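Report on the structure given below.
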Amino acid sequence: LCQVWISFDVLCCTASIWNVTAIALDRYWSITRNLEYTLRTRRRISNIMIDLTWALSAFISLAPLLFGWGETYSEDSEECQVSREPSYTIFSTFGAFYLPLCVVLFVYWKIYKAAKFRIGSRKNNSITPITPEALEVKEAAQQPQMVFTVRHATVTFQTDGDTWREQKEKKAALMVGILIGVFVLCWIPFFITELINPLCSCDIPPIWKSIFLWLGYSNSFFNPLIYTAFNKNYNNAFRNLFFRQ
Numbered sequence: 474l475c476q477v478w479i480s481f482d483v484l485c486c487t488a489s490i491w492n493v494t495a496i497a498l499d500r501y502w503s504i505t506r507n508l509e510y511t512l513r514t515r516r517r518i519s520n521i522m523i524d525l526t527w528a529l530s531a532f533i534s535l536a537p538l539l540f541g542w543g544e545t546y547s548e549d550s551e552e553c554q555v556s557r558e559p560s561y562t563i564f565s566t567f568g569a570f571y572l573p574l575c576v577v578l579f580v581y582w583k584i585y586k587a588a589k590f591r592i593g594s595r596k597n598n599s600i601t602p603i604t605p606e607a608l609e610v611k612e613a614a615q616q617p618q619m620v621f622t623v624r625h626a627t628v629t630f631q632t633d634g635d636t637w638r639e640q641k642e643k644k645a646a647l648m649v650g651i652l653i654g655v656f657v658l659c660w661i662p663f664f665i666t667e668l669i670n671p672l673c674s675c676d677i678p679p680i681w682k683s684i685f686l687w688l689g690y691s692n693s694f695f696n697p698l699i700y701t702a703f704n705k706n707y708n709n710a711f712r713n714l715f716f717r718q
């Protein structure tokens with residue numbers, strides 16, 4: 474029963490973390506490849522990422538049970554705990570947190586660069602409106618034609634579609650940024666102690682272990698709130714789920 478509980482706990486936590494990675498990748502592709510990343514392509518890639526997320530999470534969580542990789546029950550403290558085998562600790566912490574952390578940070582950096590580049594390109598291609606003072610009219614003394622000299626005359630061409638797309642990109646970048654920030658703040662204390670504790674045999678007070686663990690669990694509480702705040706589809710789905718008449 475102890476092994477089943479620990480495996481299920483690691484499975485759900487790892488899947489939650491990799492789901493954040495999948496969402497970050499989805500936002501990145503929707504911004505940088507909006508023409509190629511059609512609804513059909515998005516569904517196919519989403520299904521692949523979901524399958525990979527749960528397969529990898531299951532492998533990490535079931536490794537101690539399948540390969541006898543350390544014990545999950547501590548007879549000294551009489552409690553269930555994740556295997557303290559150093560090799561499994563390195564494998565599980567990097568597979569469940571540090572690797573997805575590197576991926577989401579890299580993806581957000583690419584999202585930020587792409588959004589900044591597009592906004593900068595639109596500003597460079599835009600033109601300031603013509604003002605009456607920008608036109609100077611000179612009438613030739615002995616010729617019947619008019620000579621117009623235009624100084625700094627520029628015109629801005631920006632469609633509603635461009636404005637909507639720019640707002641959508643900013644909103645997506647902001648959502649991913651908040652999602653990653655909350656993810657890091659919630660999980661990094663737990664995974665730092667989880668990695669260091671077996672390797673250095675440090676004695677961390679149980680109260681702090683419990684606080685760090687529940688702080689990590691709280692990430693799954695914050696994620697739906699972030700989704701509903703920035704995505705109308707999530708917002709409508711949660712309203713129908715909790716406020717159904």
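Just so you know, we're using the numbering used here here: the sequence shown kicks off at 474 and counts up by one. Quick reminder that beta carbons are idealized off the backbone N, C-alpha and C, glycines included. If you're wondering where the values come from, they're calculated on a predicted model, not measured in any experiment.
Beta-carbon contacts of residue i that lie in its chain and below 6 Å, excluding the five residues immediately before and after
i: PRO617; result: Summary for PRO617: the model assigns pLDDT 49, below 50, so the residue's position carries little reliability; its value from the coordinates is reported in the next sentence. Around PRO617: no qualifying Cβ.
i: MET522; result: ALA495
i: GLN615; result: Note on GLN615: pLDDT 46, under 50, position unreliable in the model; the coordinate value appears next. Cβ neighbours of GLN615 beyond the five flanking positions: none.
i: TYR510; result: TRP502, SER503
i: CYS486; result: none
i: ARG515; result: none
Spatial neighbours of residue i in its chain, beta-carbon cut-off 8 Å, leaving aside the 5 residues before and after
i: PRO605; result: Its pLDDT being 49, under 50, PRO605 is placed unreliably in this model, and the value from its coordinates should be taken loosely. The answer is none, since no qualifying residue turns up.
i: SER489; result: ASN692, SER693, ASN696
i: PHE711; result: PRO697, THR701
i: TRP478; result: CYS553
i: TRP681; result: THR666
i: ALA531; result: LEU484
i: CYS709; result: In the sequence under discussion, the amino acid at residue 709 is Asn, which differs from the Cys named in the question. No residues qualify anywhere along the chain.
i: SER519; result: ALA495, ASP499
Beta-carbon proximity check, residue i vs residue j, cutoff 8 Å
i: GLU642; j: ILE504; result: yes
i: THR566; j: PHE664; result: yes
i: LEU538; j: TRP491; result: no
i: LEU646; j: ALA588; result: The amino acid at residue 646 is misidentified as Leu; the sequence shows Ala. Closer than 8 Å, so yes.
i: PHE570; j: TRP502; result: no
i: SER534; j: SER480; result: yes
The alpha helix (DSSP H) enclosing residue i, as first and last residue numbers
i: LEU525; result: 512–540
i: PRO697; result: 692–703
i: ARG500; result: 475–505
i: PRO559; result: 559–566
Neighbourhood of residue i by C-beta, 7 Å cutoff - its chain only, sequence neighbours within 5 removed
i: CYS675; result: ILE669
i: PRO662; result: PHE685, LEU688
i: ILE584; result: ARG500, TYR501, ILE504, ALA646, VAL649
i: TYR707; result: TYR700, THR701
i: ARG506; result: none
i: ASN713; result: none
Below-8 Å beta-carbon distance, residue i vs any chain C residue
i: PHE567; result: This model lacks chain C altogether; it includes just one protein chain.
Top-ranked residue by Cα proximity to residue i, from the options
i: SER560; options: ASP482, GLU667, PRO697; result: GLU667
i: LEU484; options: THR701, GLY650, ALA702, TYR690; result: TYR690
i: THR526; options: GLY568, TYR581, ASN507, VAL580; result: GLY568
i: LEU652; options: ALA587, ILE699, CYS673, TYR707; result: ILE699
i: PHE656; options: ILE680, LEU578, ARG513, ARG516; result: LEU578
i: LEU672; options: LEU658, PHE564, CYS575, VAL580; result: PHE564
i: ALA536; options: THR562, PRO573, ASN708; result: THR562
i: LYS644; options: ARG515, TYR581, ILE680; result: TYR581
i: LEU658; options: PRO679, ARG516, LEU574, LEU508; result: LEU574
i: GLY654; options: VAL493, THR514, LYS705, ASP524; result: VAL493
Closer than 7 Å: residue i CB and nearest the ligand NAD heavy atom
i: CYS575; result: No copy of the ligand NAD occurs in the structure displayed, which carries no ligand at all.
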